[in-house]
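Protein chains: 2
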Amino acid sequence: MRARVTIMLKPGVLDPQGEAVRHALASLGFQGVEAVRQGKVIEIDLAEEDRAAAQAAVEAMCQRLLANTVIETWRIEFPD
Amino acid sequence: MRARVTIMLKPGVLDPQGEAVRHALASLGFQGVEAVRQGKVIEIDLAEEDRAAAQAAVEAMCQRLLANTVIETWRIEFPD
Numbered sequence: 033m034r035a036r037v038t039i040m041l042k043p044g045v046l047d048p049q050g051e052a053v054r055h056a057l058a059s060l061g062f063q064g065v066e067a068v069r070q071g072k073v074i075e076i077d078l079a080e081e082d083r084a085a086a087q088a089a090v091e092a093m094c095q096r097l098l099a100n101t102v103i104e105t106w107r108i109e110f111p112d
Numbered sequence: 033m034r035a036r037v038t039i040m041l042k043p044g045v046l047d048p049q050g051e052a053v054r055h056a057l058a059s060l061g062f063q064g065v066e067a068v069r070q071g072k073v074i075e076i077d078l079a080e081e082d083r084a085a086a087q088a089a090v091e092a093m094c095q096r097l098l099a100n101t102v103i104e105t106w107r108i109e110f111p112d
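Going line by line, the protein sequences match chains A and B.
For the record, in the first sequence the residue sitting at position 23 is 55 according to this note's numbering, with numbers rising by one throughout.
For the record, in the second sequence the residue sitting at position 50 is 82 according to this note's numbering, with numbers rising by one throughout.
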């Protein structure tokens, strides 16, 4: 089954990448862009078919590798 | 209103970042990870309140700045 992990910086953590995008959009003439935050999304195809087991495995992957637990939050979804 | 843009490499485009994550997960002992694709997510807070106008604006932002139209696809959502 496929898991989708969305990882964003925690609120309050400076996001220079998002800020750069906001500036670039303004430079291109896009009006009314108030804030931009950039994060990453990781799609993982798992052999595991049990939803609860997959959720636990992906949670462990986030804690150990995918996210920086100090400055990032994550959300795990199963789109199918 | 807030728009969320998810940008992924098109199917068939080599994803070395995702491949590196897959290897790292295997090295850490995570079993049954068949494939990993990594993309980015951009959350944009817009002054625009009309959904259709916001959709059109964000579509233009993707075409002009946010995505590489040759190798990437994107999905625009309005989570609220």
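Glycine included, every Cβ here is placed at the ideal spot set by N, Cα and C.
Since the structure is predicted, the reported quantities are computational estimates derived from the model, not experimental observations.
Mind checking whether leucine 60 of chain B and arginine 34 of chain A have CB atoms under 9 Å apart? no
Indicate whether valine 53 of chain B and leucine 98 of chain A have their beta-carbon atoms separated by less than 9 Å. yes
Residues near threonine 101 of chain A by beta carbon distance below 7 Å, same chain, minus five either side: Gln95
Indicate whether glutamine 87 of chain B and isoleucine 108 of chain B have their beta-carbon atoms separated by less than 9 Å. yes
Are the C-beta of valine 68 of chain B and some C-beta of chain A separated by less than 9 Å? yes
Tell me which same chain residues have a C-beta within less than 8 Å of the C-beta of leucine 165 of chain A, skipping the five on either side of it? There is simply no residue 165 of chain A to check, as chain A begins at 33 and stops at 112 in what is shown.
Looking at the strands, I want to know which residues DSSP matches up with leucine 78 of chain B. A/Val65
Which residue marks the beginning of the alpha helix (DSSP H) containing leucine 60 of chain A, and which one marks its end? Element bounds for leucine 60 of chain A: n/a, residue is neither H nor E.
Tell me glutamate 104 of chain A's beta-bridge partners as DSSP assigns them. A/Leu41
Taking only beta-carbon positions, decide if glutamine 87 of chain A is within less than 9 Å of chain B. no
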